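Engineer: Okay, here's the structure, questions in a sec.
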Amino acid sequence: MILIVDDQKDMGAGLERLLRYAGHESVSVTGGAEALAMLHLRKPSLLVLDVNMPEMDGLTVLKTIKEHAELKDVRIVMYSTDTHPETITEAKRLGAVDFLIKGSIGFEKLVDRICELAGEPKTAD
Amino acid sequence: MRLADFILANVEPILAGWEVFARSIGAGEHLDQLALRDHAPQILQATARDMKSPQTAAERVNKSEGRSHTGEDSEALDGASTAHAVERLGLGFDMLEVMSEYRALRASVLQLWHASSPAAHERDVDDLTRFNESIDQSLSKAVASYTQRVDQARDMFLAILSHDLRNPLGAIAMSAHVLPMVSNDKAEIVECGLRITRSASVMERMISDLLDYTRTRLGAGMPVNPAPMDLAVLGRELIEEFRAAHPKRMIEFHTEGELKGRWDSDRIRQAISNLVGNAIQHGSADFPVTLSISGTRSEVVIGVHSGGNPIPPGELPKIFDPLIRGSSADHPQKNRPGSIGMGLYIAREVAKSHGGRIDVTSTVKDGTTFTIRVPYESAPRAGQPILDVEHIAKM
């Protein structure tokens, strides 16, 4: 399962559909607190995490997960419009496996990359 | 008395003259003495000390040509001038107004000095030259600081804008990409269509906010079409919409007195909606958000109150300007989803365009309250096209 966290509900839902129609089980939530609650119930093969979110920003969510003994192994890829080099460096320092920039990568490539990072093969095309 | 000593001995009367002038500038109308004087005492004292410090012929040439200055006193003057420009920008002064303040400061000093010793002395020319050099140094530093700060704020503002517009655009592109894949699933097609429509509406609102901002920032004014309306009805509709969108939040609504008048219904709705939306986002969920609208004899008072952490006092005067607010690293701007952070600016412009005003108070004890006051009758305003030739000629 791939978990998507994006405060822009339609963005998260769009990616969820995209991944689902590409053959992946995926779920989207709109905030860090909700994502953390879900992680305790079920660990995803990959967490796709936005950065700029109003209540708990993506870097805080990332740090919280990586500091948690039971959650630290969750693979996390950032997916954001934030292109500041310091944000990208900080995310990687905190343990993100990649930093994908919204709008700079086509959807097919996006799905392929997410699939590759999740370590899940595509089951349908 | 030498001019430098005169300045040091007469800081208070000079500042009083400066303050009267600063207050006469639109942006300074509602500011208290402390805010108006800000770094003026430091500029004056640093100017006087700079005048008293020895200066070689080469240093004088350098200074007159705007090149770097050395010495502790000169650096103190640069520091105070830089800080003054940043504060003035935050308070909404434009560059011409900042320059006018320097003109007023120069005039105030020279008038008072002349009045104190009418008999001319041959040293006066030297003193005047040193004084003018120091004031010019301070002015050029202030202008450079102002311009640099505006550029920084604009860059950050554009970055925020591009980030906020990219999200709904991304959602539209993503849904459009999914559509061919779901061509056999009617429910999914409808869902894709709804996502596209919602995101397009968000983008439309952002662009509309940006246009309002650009129009008013350029001085063209916000168009207003007043018509008879009832604020109680408008308030109730808005609160119902917010309660539906935020079922977990306590949202209260109170009305009192006569609330029928002539206003631009769409604009007033936009202003109240921005304030309530902000209160929900920034206020603590432990306290209710309250919209209260009350009619007095001459005006209607619209208050939006929320609880939780107060706005830092230093941020209050800047809070209505998106170009300044949130442009510092200490207080990065976080917009609510679907907003580009212009809500308060637009609320203020709506109040102004109706002949009213907006105020804010924020304390730990009393929470945060934004208050719009508008008269019962608002005059129509056409606004001006942003690229109107006549308007550009006046700029």
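Chain order of the listed sequences is L and W. Per the working numbering, the first sequence starts with residue 109, numbered consecutively. Per the working numbering, the second sequence starts with residue 47, numbered consecutively. From the three backbone atoms N, C-alpha and C, an ideal C-beta is built for every residue, glycine too. Bear in mind the structure is a predicted one, so any value in this text is a computation, not a measurement.
1) Would you be able to state if there are at least three C-beta pairs under 8 Å between the stretch 177–187 of chain L and the stretch 176–193 of chain W?
2) If I follow the unbroken alpha helix (DSSP H) through L:V219, where does it start and stop?
3) Listed from N- to C-terminal order along the chain, which residues in the stretch 319–348 of chain W have their beta-carbon within a distance smaller than 7 Å of any beta-carbon of chain L?
4) Rounded to whole angstroms, what is the Cα-Cα separation between W:A104 and W:T93?
5) Would DSSP call W:M520 helix, strand or coil?
6) With respect to the beta strand (DSSP E) encompassing W:G341, which residues constitute its N-terminal and C-terminal limits?
7) Name the chain W residues whose beta carbon is nearer than 8 Å to that of L:K210?
8) Mind checking who W:E345 pairs with in its DSSP beta bridge?
9) Closer than 8 Å, CB to CB, is L:M119 near chain W or not?
10) Using C-beta distances below 8 Å, list every residue in its chain close to W:V132, excluding the 5 sequence neighbours before and after it, in chain order.
11) CB W:G329 to CB W:G349, shorter than 8 Å?
12) Just the Cα atoms here: how many angstroms apart are L:M164 and L:P152?
13) Does the beta-carbon distance from W:R295 to W:I326 come in below 8 Å?
14) Put W:I60 into one of helix, strand or coil per three-state DSSP.
15) Using three-state DSSP, classify W:G307 as helix, strand or coil.
16) To be precise: take each residue of the stretch 228–248 of chain W, compare its Cβ to all Cβ atoms of chain L, and keep it if any distance is under 9 Å. Which residues remain?
17) Let me check one thing: in DSSP terms, what residues is L:Y155 bridge-paired to?
18) Using the C-alpha atoms, what's the distance from W:V270 back to L:L147?
19) Within the 8 Å Cβ cut-off, does L:T195 reach chain W?
20) Out of W:I404, W:T342, W:T414 and W:L321, which one is the CA nearest neighbour of W:P359?
21) On the CB-based measure, 16 or more other CB atoms within 10 Å of its CB, does L:L123 come out buried or exposed?
22) State yes or no: is the beta carbon of L:D190 nearer than 8 Å to at least one beta carbon in chain W?
23) Is the shortest distance between the beta-carbon of W:S374 and the beta-carbons of chain L less than 8 Å?
24) Determine whether the Cβ of W:H209 lies closer than 8 Å to any Cβ atom of chain L.
25) So L:F215 contacts chain W; which residues on that side make the cut at Cβ distance below 9 Å?
26) Classify W:T243: buried if its beta carbon has 16 or more other beta carbons within 10 angstroms, exposed otherwise.
27) Since L:V159 and L:D190 are thought to touch, with beta carbons under 8 Å apart, how far apart are those beta carbons, to the nearest angstrom?
28) Given that a residue counts as buried once 16 or more other Cβ atoms are within 10 Å of its Cβ, and exposed if not, what is W:P24?
29) Along the stretch 125–151 of chain L, what residues have a CB closer than 7 Å to any CB found in chain W?
30) If you run the structure through DSSP and keep just helix, strand and coil, what is W:L54?
31) Can you list, in chain order, the residues of its chain whose CB lies under 7 Å from that of W:Q88, leaving out five sequence neighbours each side?
32) Can you list, in chain order, the residues of its chain with a C-beta nearer than 7 Å to that of W:L305? Leave out the 5 residues immediately preceding and following it.
33) Report whether the distance from the Cβ of L:R221 to the nearest heavy atom of the ligand GDP is below 7 Å.
34) If contact is defined by three or more beta carbon pairs under 8 Å, each pair taking one atom from either stretch, is the stretch 124–131 of chain L in contact with the stretch 221–229 of chain W?
35) Is it true that the CB of W:L240 sits closer than 8 Å to the CB of W:I285?
36) Under a CB-based cut-off of 8 Å, is L:L123 close to chain W?
Structural biologist: Judging by the given coordinates:
1) no
2) F215 to A226
3) Q327
4) 19 Å
5) In the structure as shown, chain W begins at 47 and stops at 441. Residue 520 of chain W is therefore absent and cannot be evaluated.
6) V335 to G341
7) R212, N213 and G216
8) W:P421
9) yes
10) S191, Y192 and R195
11) no
12) 20 Å
13) yes
14) helix
15) strand
16) V228, E234, E237, C238, L240, R241, I242, R244, S245 and V248
17) Checking the sequence, you will find Leu at residue 155 of chain L rather than Tyr. Note: L:L155 sits in a beta bridge opposite L:L111 and L:I184.
18) 51 Å
19) no
20) W:T414
21) buried
22) yes
23) Confidence in W:S374 is poor, its pLDDT being 42 and thus under 50, which makes the residue's placement unreliable; the coordinate value appears in the next sentence. Answer no: the Cβ-Cβ gap between W:S374 and chain L never drops below 8 Å.
24) yes
25) A219, M220, H223 and V224
26) exposed
27) 4 Å
28) For residue 24 of chain W there is no data in the structure shown, the boundaries of chain W being 47 and 441.
29) R125, L126 and Y129
30) helix
31) A126
32) D276, L277, A278, I339, G341 and V346
33) Absent from the structure shown: the ligand GDP. Ligands present: none.
34) yes
35) no
36) yes
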